[in-house]
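A short write-up of the structure that comes next.
Residue numbers (my numbering): 314 to 556.
Encoded structure:
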């Protein structure tokens, strides 16, 4: 079993040490089934899910279950200074930490979400060089890939489930600011659709019970055009209003 408090690495591209900054109570049970943090941030780990300029997501199957590993890298000083006020500065929460916090917030309130296991970071002079988020897998599929293959009745039901999730989050005070169909994972069960939210590094929290403000309206402005491609925006909004 690895020591996940501080791990030395050997890569010249990746920083020399990673420190755990977030951890689930379940992390100890998973630790013996996961690579050490230095291996978790390896670009060739597992199977590729997404790849962007400064981030990537990998899927890793273990004998305990599947996890997703999201890595943010800021290799140069220019990349670290570009967003130092929001994401990479000494006093800033990394995107990985913010995503962990969002998932924990949702799970603590009974909202479906993958379990966040850990966040590891490396910093130099306080500036973020690398951040890694590890989560369990949610047994669902992204809504943007599901909807085109569904019949009209199933689309209607999924839209209602999406609306109920958004309505619940807004009522509880969660403002996502990254509300896309690709970040809404849907699982069909015997009793209907279950929808979980992932990828919320820009979220904000507001007073519980307040259903409408500038940020909730911005969430809907972002999501509605994506739903309208299937004629589902009003269905989702009506379901949200009923929460």
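Note that beta-carbon positions come from the ideal geometry of N, C-alpha and C, so glycine has one too.
Burial state of residue 502 (16 or more Cβ within 10 Å): Position 189 of the chain shown, counted from the first residue, corresponds to residue 502. Exposed is the call here.
Burial state of residue 317 (16 or more Cβ within 10 Å): Sequence index remark: in the chain shown, residue 317 carries index 4 (1-based). Here the model assigns residue 317 a pLDDT of 45, short of 50, so the residue's position is not dependable, and the following value carries that caveat. By the Cβ neighbour-count rule, residue 317 is buried, with 16 or more other Cβ atoms within 10 Å of its own.
CA-to-CA distance, residue 514 to residue 444, given in whole angstroms: Counted from its first residue, the chain shown places residue 444 at position 131. Counted from its first residue, the chain shown places residue 514 at position 201. Their Cα atoms are separated by approximately 13 Å.
Pairwise C-alpha distance: residue 546 and residue 531: The residue labelled residue 531 in the question sits at position 218 within the chain shown. The residue labelled residue 546 in the question sits at position 233 within the chain shown. Rounded to the nearest angstrom, the two C-alpha atoms are 14 Å apart.
Same chain, Cβ closer than 6 Å to residue 472, neighbours up to 5 away in sequence not counted: Reading the chain shown from its first residue, position 159 is the one you call residue 472. The answer, listed in chain order, is 545, 548, 549.
Selection from 402, 365, 526 that minimises the alpha carbon distance to residue 597: Nothing in the structure corresponds to residue 597, since the chain is present only between 314 and 556.
Selected residue, minimal CA-CA separation from residue 504, among 470, 522, 524: For the purposes of this step, residue 504 is taken as the residue at position 191 of the chain shown. If we check each option's Cα against that of residue 504, 470 comes out closest.
Proximity of residue 439 and residue 416 at Cβ, strictly below 9 Å: The residue labelled residue 439 in the question sits at position 126 within the chain shown. The residue labelled residue 416 in the question sits at position 103 within the chain shown. In this structure, residue 416 does not lie closer than 9 Å to residue 439 by Cβ.
Proximity winner among 409, 376, 552, 366, relative to residue 382 (alpha-carbon distances): Counting from one through the chain shown, the residue named residue 382 turns up at place 69. If we check each option's Cα against that of residue 382, 409 comes out closest.
Limits of the unbroken beta strand (DSSP E) element including residue 479: The count along the chain shown starts at 1 and reaches residue 479 at position 166. From DSSP, residue 479 is part of no beta strand (DSSP E) but of the alpha helix (DSSP H) over 465 to 485.
Whole-number beta carbon distance between residue 468 and residue 553, since they are thought to touch under 8 Å: Counted from its first residue, the chain shown places residue 553 at position 240. Counted from its first residue, the chain shown places residue 468 at position 155. With 8 Å as the limit, residue 553 and residue 468 do not qualify as a contact, their Cβ atoms being about 16 Å apart.
Residue 455 in three-state terms, based on DSSP: What you label residue 455 is simply residue 142 of the chain shown in a count that begins at 1. The answer is strand: DSSP assigns residue 455 an E or B state.
CB contact flag (residue 334, residue 451, <9 Å): The sequence position of residue 334 within the chain shown is 21, counting from 1. The sequence position of residue 451 within the chain shown is 138, counting from 1. No, the pair does not count as a contact, with Cβ atoms beyond the cut-off.
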